[in-house]
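Engineer: Can you read through this structure? Questions will come right after.
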Amino acid sequence: MAAAWSTDQPSALGLRWKRAENATQKHDASRDAEQWSKVLWRKQAFPDNHVPETFLQDLRTNTELRLASLYELVVLSMPISQQLLSVILFVGLFVHLLTGSIGPQTVLVGTAAQGTSLGLVILCLVILAISPVLRTLTESTTSDSIWALSAFLFLLNLALADYSSTPIRAPEPASPSTSSTTLSQTLSLNAAICASVVLASRLQTNIEVFALLILAIVLFGLFPIFRRHLSTTIAARTTATTTQSKFHPSDLVNSLILCILYIAAVSVMWPISIATVALTTASTLFLSAVSPAWIKWAQTWKYEIKGPWDPAEPVISSSL
Numbered sequence: 053m054a055a056a057w058s059t060d061q062p063s064a065l066g067l068r069w070k071r072a073e074n075a076t077q078k079h080d081a082s083r084d085a086e087q088w089s090k091v092l093w094r095k096q097a098f099p100d101n102h103v104p105e106t107f108l109q110d111l112r113t114n115t116e117l118r119l120a121s122l123y124e125l126v127v128l129s130m131p132i133s134q135q136l137l138s139v140i141l142f143v144g145l146f147v148h149l150l151t152g153s154i155g156p157q158t159v160l161v162g163t164a165a166q167g168t169s170l171g172l173v174i175l176c177l178v179i180l181a182i183s184p185v186l187r188t189l190t191e192s193t194t195s196d197s198i199w200a201l202s203a204f205l206f207l208l209n210l211a212l213a214d215y216s217s218t219p220i221r222a223p224e225p226a227s228p229s230t231s232s233t234t235l236s237q238t239l240s241l242n243a244a245i246c247a248s249v250v251l252a253s254r255l256q257t258n259i260e261v262f263a264l265l266i267l268a269i270v271l272f273g274l275f276p277i278f279r280r281h282l283s284t285t286i287a288a289r290t291t292a293t294t295t296q297s298k299f300h301p302s303d304l305v306n307s308l309i310l311c312i313l314y315i316a317a318v319s320v321m322w323p324i325s326i327a328t329v330a331l332t333t334a335s336t337l338f339l340s341a342v343s344p345a346w347i348k349w350a351q352t353w354k355y356e357i358k359g360p361w362d363p364a365e366p367v368i369s370s371s372l
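Just so you know, we're using this note's numbering here: the sequence shown kicks off at 53 and counts up by one.
If you want it as structure tokens, here you go:
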């Protein structure tokens, strides 16, 4: 009899289910009649995480994407190669001083053309005065520790150096805030000078220590400033005549500096080790040829999407 009653009359659970289904249908009907708006201040018949069917219709891909050309990537890689060649050139001249194959006078000849300003003269006198102290700075330290420490410091110099200072295109001269010394530049310079002092302590005479430290100041302190100033000056003076051309005179200057550093580094390293010359050549080609081509190929996978999920950008009238 209980089975017959359950067949003829709906149970309480069935009634509740029917009412819930009817309420859902009414809610869906009212929601369909109301159009969803992307506002928070209005109470709507939609959940907070509602996603409309037209959400992806406003999807835009690569609308403002600018891919760098191979030429621009090669120019951008030149400061990295120049910094690496400066370190190799310095290490090569240190080895020659350590073995006695060249004298300190030969090293000083190359740095004498940098000028004889009062500040440079005072700096040279200070370095000459402290050369005896620096020569005996690491007498109690083994050479293996010195080589490892100097290698680490030079790697730190390469990692923290400012490679963005050389402009590719400069529509206006660099502002003083742009050319100000950053923390990474300061740490990079300090690492190079510390490595130079550590290596100089392995030399035999005070004049050799003096020559090596002057070379370090020229290569790691003055040369980056000169390179940056020269490129910025040329870029500022020639922008008006080269706005429609890919080639820029500052690019030629960077190329010449790179070639000069490469020839000097190879010439210094050739009597020391042919393997080092081959490694220098391979590193330069990898940094200035292979890596730009690699990045250029990787740019084909770059995908930029924009849509209604992006923050709104206010439009300010020019008449205000």
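Glycine included, each C-beta is placed from N, C-alpha and C at the ideal position.
1. Quick check: the Cα distance between Val159 and Ala268, rounded to an integer number of angstroms?
2. Enumerated in chain order, which unbroken segments of the alpha helix (DSSP H) with a length of 4 residues or greater are wholly contained in the stretch 246 to 327?
3. Ile347 by DSSP, collapsed to three states: which one?
4. Leaving out five residues on either side along the sequence, give the residues of the same chain with a beta carbon under 6 Å from the beta carbon of Asp214.
5. Where Ile324 and Leu264 are concerned, what is the direct C-alpha to C-alpha distance, given to the nearest angstrom?
6. At the level of alpha carbons, what is the spacing between Val270 and Leu141?
7. Taking 8 Å as the limit between beta carbons, can you name the residues of its chain near Thr294, skipping five residues before and five after?
8. For Leu210 versus Val139, is the C-beta spacing smaller than 8 Å?
9. Can you name the residues that DSSP bridges to Arg112?
10. Would you decide whether Val103 is buried or exposed? Buried here means 16 or more other CB atoms lie within 10 Å of its CB.
11. Following the continuous alpha helix (DSSP H) through Ala97, name the residue where it begins and the one where it ends.
12. In whole angstroms, what separates the C-alpha of Ser183 from that of Ser335?
13. Just how far apart, CA to CA, sit Glu260 and Ile266?
14. For the alpha helix (DSSP H) containing Pro363, name the first residue and the last one.
15. Residues in its own chain within less than 6 Å of Ser197 by CB, not counting five upstream and five downstream?
16. Considering Cα atoms alone, identify which of Val250, Phe204, Thr234 is closest to Ser195.
17. Hey, would you say Ser133 sits closer than 8 Å to Leu339, going by beta carbons?
18. Rounded to whole angstroms, what is the Cα-Cα separation between Leu235 and Ala243?
19. If we ignore side chains and look at the alpha-carbon of each, how far apart do Trp346 and Met130 end up?
20. State the start and end residues of the unbroken alpha helix (DSSP H) segment that holds Ser153.
21. Can you give me the C-alpha to C-alpha distance between Ala181 and Ala317, rounded to a whole angstrom?
22. Near Tyr355, what residues of its chain come up, given a Cβ to Cβ distance below 8 Å and the 5 sequence neighbours on each side ignored?
23. Beta-carbon within less than 7 Å of Val329's beta-carbon, same chain only, minus the 5 sequence neighbours each way: which residues are those?
24. To the nearest angstrom, how far is the alpha carbon of Leu308 from that of Tyr123?
25. Which same chain residues, not among the five before or five after Leu119, have their C-beta less than 6 Å away from its C-beta?
26. Less than 8 Å between the CB atoms is what I'm expecting for Phe272 and Ile245, so what's the real figure, rounded?
27. Which value, in whole angstroms, describes the spacing of the CA atoms of Val173 and Phe262?
28. To the nearest angstrom, how far is it from the Cα of Ser253 to the Cα of Val143?
Structural biologist: The relevant details are as follows:
1. 11 Å
2. The stretch 246 to 327 contains these whole alpha helix (DSSP H) runs: 258 to 268, 275 to 290, 301 to 321.
3. helix
4. So the list reads Gln237, once near-sequence residues are dropped.
5. 18 Å
6. 12 Å
7. Because Thr294 carries a pLDDT of 43, less than 50, the predicted location of this residue cannot be relied on, and the following value inherits that uncertainty. If we look at Thr294 and ignore the five residues flanking it on each side, its Cβ neighbours are His300, Pro301.
8. The Cβ atoms of Leu210 and Val139 lie closer than 8 Å to each other.
9. Lys358
10. exposed
11. No alpha helix (DSSP H) contains Ala97, which DSSP labels as neither H nor E.
12. 34 Å
13. 10 Å
14. Premise fails: Pro363 is in no alpha helix (DSSP H) and is neither H nor E.
15. Residues of the same chain with a CB within less than 6 Å of the CB of Ser197, apart from the 5 flanking positions on each side, do not exist.
16. Val250
17. Contact flag set, yes.
18. 12 Å
19. Taking the straight line joining both Cα atoms gives about 15 Å.
20. From DSSP, Ser153 is part of no alpha helix (DSSP H); its letter is neither H nor E.
21. Taking the straight line from one Cα to the other gives about 30 Å.
22. Thr113, Asn114
23. Val318, Met321, Trp322
24. 16 Å
25. Gln351
26. With 8 Å as the limit, Phe272 and Ile245 qualify as a contact, their Cβ atoms being about 7 Å apart.
27. 13 Å
28. Rounded to whole angstroms, Ser253 and Val143 show a C-alpha spacing of 14 Å.
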